[in-house]
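*Asks:* If you use this note's numbering, the sequence shown corresponds to residues 24 to 160, in order.
Backbone N, C-alpha and C fix where the C-beta goes; we use that ideal spot for every residue, glycine too.
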Amino acid sequence: MNLNPLPFRIGLLGLLLLVPGPLTAQDSLPARLQPVITRLRALAAAEWAYNDRWDLFTDDLSSLTLDPPGAAVSDSVALLVTFANASGWIALGWTKGDPYRQCVMFGGYGDPPTLPDPPATSAGTLAVEPDVPACDD
Numbered sequence: 024m025n026l027n028p029l030p031f032r033i034g035l036l037g038l039l040l041l042v043p044g045p046l047t048a049q050d051s052l053p054a055r056l057q058p059v060i061t062r063l064r065a066l067a068a069a070e071w072a073y074n075d076r077w078d079l080f081t082d083d084l085s086s087l088t089l090d091p092p093g094a095a096v097s098d099s100v101a102l103l104v105t106f107a108n109a110s111g112w113i114a115l116g117w118t119k120g121d122p123y124r125q126c127v128m129f130g131g132y133g134d135p136p137t138l139p140d141p142p143a144t145s146a147g148t149l150a151v152e153p154d155v156p157a158c159d160d
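(1) Rounding to the nearest angstrom, what Cα-Cα distance links GLU152 and MET128 in this structure?
(2) Measuring alpha carbon to alpha carbon, tell me which of ASN108, LEU89, GLY111, TRP77 ends up nearest LEU102.
(3) For ASP82, collect the residues of the same chain with a Cβ closer than 6 Å to its Cβ; drop the 5 residues on either side in sequence, then sort them by chain order.
(4) Between PHE80 and GLY120, what straight-line distance do the alpha-carbon atoms span, to the nearest angstrom?
(5) Alpha carbons only, please: which of ASP160, GLY147, GLY133, PRO139 is nearest the one belonging to ASP154?
(6) Would you mind sorting GLY147 into buried or exposed? The rule is 16 or more other CB atoms within 10 Å of its CB.
(7) When the Cα of TYR123 is compared with those of GLY130, VAL100, ARG76, which residue comes out closest?
(8) Name the residue from LEU115, GLY131, GLY111, PRO139 whose alpha carbon lies nearest to the alpha carbon of THR61.
(9) Just the Cα atoms here: how many angstroms apart are THR144 and PRO156?
(10) When the Cα of CYS158 is compared with those of PRO142, GLY131, GLY130, GLN125, which residue comes out closest?
(11) In this structure, does DSSP put VAL59 in helix, strand or coil?
Structural data, given as structure tokens:
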């Protein structure tokens, strides 16, 4: 009888490699929220570009240059920066057809950035990682 556990361990390792990893936040979100996430990511990039120039973040969407152009203005997606100062920002996004299903995102300096309140949707979904959107189910 072979009591060497090595082949058994290698077999388990092989099985573990075949199991898919955990779903990322984006993978687990409904497709209808993808335009909101795209616009929030464009907003995050614009906030960092604004900060590079002015050493602060802004809640004025008209002051930001979003890429793709028009990312803050859409027939179907709305954005709102609920907080911005020199250390960070918080923004909400939603589809205009479903304003109660929101995504929230934040960014800034510090680990985590210094913000007045936890970044959350109106339904209470919390964003826990900077520059990563969190959405209501």
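*Replies:* In short, the structure shows the following:
(1) 8 Å
(2) LEU89
(3) VAL104, ALA107
(4) 29 Å
(5) GLY133
(6) exposed
(7) VAL100
(8) LEU115
(9) 11 Å
(10) GLN125
(11) helix
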